[in-house]
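Have a look at the structure below, then the notes.
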Ligand code: RFL
Ligand code: PHB
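Numbering (my numbering), first residue to last: 2 to 390.
Shown next, in the form of C-alpha cells:
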C-alpha cells in the first residue's frame, strides 16, 4: 500500500486530520486498533470550543453538531453553599458547545467513508519504520494478513498509550513533563433531564463535583474520588448521597436523580512530550500531551494540533516547503502549554487535596472568592475556558 500521510489512530485527532487532508487533495490511510462500533461508543469529552467548532465546520462535519449540540453561554462555579455564574459570552463574546466526543467521531467516520477515505479498523501489531528517511513506512496486521504502507509522512494520533511516542527517534534527547494527581474522577451517565442549563463546577470539602449533560435526556456527572477506588464500591445510593452533599446550595437547588447506566473511574495527569516531531513522524493529540479534564481542553487541543499539521502538509504538497512542518512543535506547544496551565489551575482551584494545610485551604477559597468578585479574574477564566487565544 502507498499513501502520502499514514495516520495511526482513529480518535478525533486522526480522523479529523485525515478529513482535513482529503479536503486539500492529500491522501491518507488511517489505522485503528479498535472496531468502528467501539470507537463510536466510547464516552469521553463533551465540551467544544469555538475554535474547534470552526475547524469542524471547515471540515464540513459541523452540521449535526449545530443541530443537536447545545450552545452554552456560561458556566457556574459552586462553593460555600452558593452558585456563581461566569457569563462566558458577556465576558468574551464567545460560547462553548456541549456535543459528545463520540458523536464527533461518528460524524468524522461517516464523512471519511462517504468520501471513499481509507480507515482500517481492528488492525494489530502496528510498527513505524524509517522515520529518519524520506520514505517512512508502517507495518501492521489486518484480518490475519501482514501489510506495509509506504508513505511520505507518518502521524501518530494513537492516544496516550499508543505506539507512536515510543517510536520517536532520538529517545535520549526527548523531554517529558508530567504531573500525576492524587485523585481521579468517578464519572456516571444518568437517564434524566439536565439538572442545570449550564455546567456546574463544584468545589466542596468532600471533593470536587461536575454537573454536565449529554442530551436533553442524559446527564453526565463526575465527582473526585480515590484513583485506586473501584466502581463496585459505589452503590447508586452512595453515589447520589455523595453528589448531593457536594453540590447542594443554600437556595434549595437539588441535583436531579435518574437511572445510572454507566460508571467509570479515570486517573488525572498533566503530561507533555517534546519535541512533537522527529524526522517524518509527527505526534498529535493525546499521543503528545494530556490535560486533566477540569479545563475541558483535551479534545480541543487534538483539533488545534491537526489543524496546524493540515496546513503544514498543504504547504509541503503545494509549494514544496517544509517551513510550517518544521515549526510544528514550536507552534503547537504555545497553545498546549497555555491549556496545560489552565487545566492545572482549574484542577488546583476546585479539588480537595488531602495533604493541604488549613492555610492552603483558606487560600483556595480566597482564590474562588476573588474570581467571582473580580470582573478581570472572571474574564481571564472565561477567556481560557472558551479558548480565546
Ligand atoms: P484518542 O481519542 O485516545 O484516540 C486515539 C485512537 O488511537 C487508537 N490506538 C491505536 N490505533 C492503532 N494502533 C495502535 N497501536 C493504537 N493505539 C491506540 C485508539 O484505539 C484510539 O481510537 O486520542 P486523540 O484523537 O488525540 O483525542 C484526544 C481526546 O480523546 C481526549 O483528549 C479527550 O477525550 C479528553 N477529554 C476532554 N477533552 C475536552 O476537550 N473536553 C472535555 O470535556 C473532555 N472531557 C476527556 C473528558 C477525557 C476523558 N477521559 C476518559 C480521559 C472527559 C473524560 C472522562
Ligand atoms: C463532560 O461533559 O464530559 C465534561 C465537561 C466539562 C469538563 C470535563 C468533562 O471539564
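Heads up, the beta-carbon is just placed ideally off N, CA and C, and yes, glycines get one too.
Quick one: does the C-beta of residue i sit closer than 7 Å to a heavy atom of the ligand PHB?
i	result
residue 47	yes
residue 268	no
residue 296	yes
residue 211	yes
residue 200	yes
residue 255	no
residue 247	no
residue 349	no
residue 221	yes
Could you tell me the distance, in whole angstroms, from the CA atom of residue i to the CA atom of residue j?
i	j	result
residue 221	residue 215	6 Å
residue 273	residue 53	21 Å
residue 297	residue 321	37 Å
residue 278	residue 138	16 Å
residue 87	residue 126	47 Å
residue 389	residue 96	10 Å
residue 301	residue 340	10 Å
residue 249	residue 84	9 Å
residue 358	residue 224	22 Å
residue 310	residue 344	23 Å
residue 168	residue 129	7 Å
residue 264	residue 186	10 Å
residue 206	residue 247	8 Å
residue 204	residue 270	19 Å
Any heavy atom of the ligand RFL closer than 7 Å to the CB of residue i?
i	result
residue 14	yes
residue 89	no
residue 301	yes
residue 40	yes
residue 225	no
residue 162	yes
I think residue i touches residue j, with their Cβ atoms under 8 Å apart; what is that distance to the nearest whole Å?
i	j	result
residue 19	residue 118	6 Å
residue 268	residue 132	Actually they do not touch by this definition, with Cβ atoms about 30 Å apart.
residue 156	residue 8	5 Å
residue 304	residue 106	Not a contact, Cβ separation roughly 12 Å.
residue 40	residue 11	6 Å
residue 109	residue 16	4 Å
Could one say the Cβ of residue i lies closer than 8 Å to chain C's Cβ atoms, at least one of them?
i	result
residue 105	This model lacks chain C altogether; it includes just one protein chain.
Every unbroken beta strand (DSSP E) within the segment 135-172, with a cutoff of 3 residues, ordered by chain: 138-143, 146-151, 154-157
Enumerate, from N- to C-terminal direction, the unbroken beta strand (DSSP E) stretches of 3 or more residues contained entirely within the segment 67-149. 71-73, 76-80, 83-87, 97-99, 119-121, 124-130, 138-143
Continuous beta strand (DSSP E) assignments of at least 3 residues falling wholly in the segment 242-284: 260-275, 282-284
Sequence ranges, beta strand (DSSP E) only - wholly within the segment 182-242, length at least 3: 201-203, 210-216, 219-226, all fully within the segment 182-242.
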